[in-house]
Each structure stands twice: as C-alpha cells, then as structure tokens.
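Colleague: Sharing a structure here in structure tokens format.
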Amino acid sequence: MALHPQHDTLVVEPTAHGGRLAFYRQAADAAYWDELWDAQPADYRRARAGHLPLHLRRAVRRHLPPGGRVLEAGCGPGQFSVAMAARGFTAEAVDWAPRTVERLRTAAPKIRVWRGDVRRLDVPDGYYDAVYSPGVCEHFSDGPQEVLRETLRVLRPGGTALVSTPCFSPLLRALGPGGGPGRLPRPRAGEFYQYAFTPAELSAVLRAVGFEQVRAHPYGALATVLEFTGPGRALAARVPRAGLRPLEAALDLLGAAHLSGRACLWVARRPAYPPVAPGVPRISAASAARPSTTLEDHST
C-alpha cells in the first residue's frame with residue numbers, strides 16, 4: 560500500500576463510479592513483496608502484546624465477536640495475525656510471497672500460515688468469522704472483484720470483512736493530474752502497481768459482489784499532505800515520521816481523514832441468509848472441515 564510519489568506515475572482511470580487513481584511503477588508480484596519485506600524487517604514486540612493500529616482496533620472492537628476464527632489474506636509480515644492471536648482469536652494467515660511466509664512461520668509458530676492466492680483460497684465455504692484484507696485487492700489491474708468474491712465465499716453467513724486500500728481522497732482529487740509542485744504527474748509509465756479508490760466506489764463494488772452493511776472509514780489524515788504537497792514534504796524532511804504519529808492520530812479522531820486520508824478501511828458483512836439455488840444445501844462454518852496443512856506448499 561505504500562505511496563511513493565517520487566517514483567510513481569499516477570493516472571485517473573474513469574469508471575462507472577466516478578474514477579479511481581491508478582499507480583504505475585512495478586508489478587506487485589510475489590517476488591516484489593519478498594524483496595519489499597526483506598528490506599523492512601518486522602518488529603513483533605507490540606503485536607505480541609495485542610497492539611493494533613487505531614483504525615483496526617476500533618473495527619475489531621465494534622464488529623468482531625471475541626474468540627472467532629480470523630484470516631489475514633495477503634498477510635505480508637503478519638503483525639495483524641500475531642496481535643489477533645494475542646487477543647484470543649484463532650488467527651490464520653496466507654500470502655503468496657514464499658520468504659515472507661517462512662519468516663512469519665518462524666516468528667509465530669503457533670499461527671497457521673500458508674502460501675496461497677487470495678483469489679483462490681483452498682478452504683471451505685463459510686470457514687472464517689472474519690477476513691482482513693490488508694492492502695491487497697487494489698494490486699490487480701482487472702479490479703478488486705475477484706478478491707472480494709473469494710473473501711465473501713470463505714466468510715460464514717453474518718461474518719465480517721475488513722478491507723483496506725489506498726484512498727483517492729478529496730485532497731488527492733483536488734491536487735489532480737498535471738505538473739507543478741505537489742501535483743500528480745500526468746503521463747503513464749511503468750507497470751501497473753495499484754489503484755486508490757474513493758470510499759463510494761469500493762463501497763459500491765462490495766455491495767455488487769454480495770456484501771451488506773458496508774461502511775467506509777478513511778484513516779491516515781496527515782500522510783497525504785506529507786507525501787503529495789510541497790509544504791508536507793518539507794515538514795516530513797525536518798521531523799521524523801514517528802514524531803508526527805500523535806498528530807496524525809488526533810487528526811483522524813477529529814475526522815480530518817475524510818478529507819485527506821491516505822487509506823480507507825471498509826467494514827462489510829456477509830448476509831446472514833444468502834440466497835441459495837433450489838436443491839443446493841447450505842454450507843455453514845460449523846459443518847466445514849479444517850483445511851489440510853498440505854496446502855502450505857501450493858504456489859500461485
């Protein structure tokens with residue numbers, strides 16, 4: 560999900576819901592993620608104590624029943640899974656980057672971690688109480704629908720999806736494509752990397768694939784200013800990012816993320832009683848068998 564305006568080319572792509580922002584840099588394949596996470600070693604100390612970032616902490620408290628089975632789909636370093644296990648959940652994690660998977664297995668041997676494709680999860684229907692998608696569905700050039708349909712399938716009826724992606728915020732839309740300091744470059748270059756969605760657009764996609772009770776929660780109010788405006792970049796050059804976190808948290812709590820959020824967390828529910836074709840039995844989480852650990856060596 561990282562935004563790197565000095566390296567990216569950004570293009571507004573028209574859609575039925577008013578446009579999304581496309582980033583062109585480098586294809587986000589398994590090798591890309593292994594290289595990225597190799598260069599950014601994870602620190603699990605806070606996660607082992609159950610720490611979650613503010614936006615996730617609020618969503619987990621409000622929407623997830625205690626002790627459920629939770630999948631982090633496209634887990635990367637997997638701090639969310641480690642924190643959820645520390646909070647008493649049955650946490651599982653999947654990613655398609657092999658070294659990243661092995662690193663998380665070593666760091667959290669009690670968590671089931673396997674290598675797989677988030678678009679084709681080899682688990683039964685209705686297996687999880689919740690699925691967290693941490694900046695994943697935006698990296699597929701044909702759109703997020705395939706990932707979100709698979710998320711819906713593996714959730715139990717009434718289960719909750721937490722989906723995070725970069726946000727095409729009002730501030731970014733105001734900057735717009737074009738030249739000049741703090742503005743988004745116009746020409747397309749490089750390989751497709753990711754989309755940024757408006758809260759309304761991805762909410763509509765989630766409903767279209769079958770979710771209900773969809774809510775969008777932008778977060779990271781300060782980050783867009785620091786990364787995409789001249790004054791913000793000057794501030795970031797003088798003050799370490801860690802020193803600005805209290806300010807960013809305060810801005811998020813005051814609602815500033817609705818104007819300039821770097822990312823957005825969508826909370827969506829699988830309907831409790833989805834329509835079923837005549838003669839097709841319902842599959843419940845209670846009747847689903849636990850997946851075999853032989854899946855761990857499957858590649859994409």
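Residue 625 in our numbering sits at position 66 of the sequence shown; the count goes up by one each step and never skips.
Virtual Cβ for every residue (Gly too), placed ideally from N, Cα, C.
1) Does the count of Cβ pairs from the stretch 772 to 787 and the stretch 591 to 610 closer than 8 angstroms reach three?
2) Could you tell me whether the Cβ atoms of residue 764 and residue 704 are closer together than 9 angstroms?
3) Nearest by alpha-carbon distance to residue 691: which of 734, 641, 659 and 798 is it?
4) Please name the residue in 724, 776, 734 and 697 whose C-alpha comes closest to that of residue 618.
5) Taking the alpha carbon of residue 714 as the reference point, which residue from 700, 684 and 706 has its own alpha carbon closest?
6) Tell me where the alpha helix (DSSP H) around residue 762 begins and ends.
7) Enumerated in chain order, which unbroken segments of the alpha helix (DSSP H) with a length of 4 residues or greater are wholly contained in the stretch 581 to 649?
8) Check the C-beta distance from residue 696 over to residue 722 and give it rounded, since I have them as a contact under 8 angstroms.
9) Quick check: what's the CA-CA separation for residue 673 versus residue 652?
10) Under three-state DSSP, which class holds residue 702?
11) How would you write the range of the beta strand (DSSP E) that residue 813 sits in, first residue to last?
12) With 16 as the cutoff for other CB atoms within 10 Å, does residue 832 come out buried or exposed?
Modeller: This is what the structure holds:
1) With the cut-off at 8 angstroms, the stretch 772 to 787 and the stretch 591 to 610 do not touch.
2) For the purposes of this step, residue 764 is taken as the residue at position 205 of the sequence shown. For the purposes of this step, residue 704 is taken as the residue at position 145 of the sequence shown. Yes, these two residues count as a Cβ contact at 9 angstroms.
3) For the purposes of this step, residue 691 is identified with residue 132 of the sequence shown, where counting begins at 1. Comparing Cα-Cα distances from residue 691 to each of 734, 641, 659 and 798, the minimum goes to 641.
4) By 1-based counting over the sequence shown, the position of residue 618 is 59. The residue with the shortest Cα to Cα distance from residue 618 is 776.
5) Numbered from its first residue, the sequence shown carries residue 714 at position 155. Answer by Cα proximity: 684.
6) In the sequence shown, the residue the question calls residue 762 occupies position 203. Here the alpha helix (DSSP H) through residue 762 covers 758 to 768.
7) Listed in chain order, they are 589 to 598, 604 to 607, 613 to 622 and 638 to 645.
8) Looking up residue 696 in the sequence shown gives position 137. Looking up residue 722 in the sequence shown gives position 163. By a beta-carbon distance limit of 8 angstroms, residue 696 contacts residue 722. Their separation comes to about 7 angstroms.
9) Within the sequence shown, numbered from 1, the residue matching residue 673 stands at position 114. Within the sequence shown, numbered from 1, the residue matching residue 652 stands at position 93. In this model, residue 673 and residue 652 are separated by some 7 angstroms (Cα to Cα).
10) Taking the first residue of the sequence shown as 1, we reach residue 702 at position 143. In the structure shown, residue 702 adopts coil according to DSSP, grouped into three states.
11) Looking up residue 813 in the sequence shown gives position 254. In this chain, residue 813 is not harboured by any beta strand (DSSP E), its DSSP state being neither H nor E.
12) Translated into the one-based positions of the sequence shown, residue 832 becomes position 273. With a threshold of 16 other beta carbon atoms within 10 Å, residue 832 falls short and is exposed.
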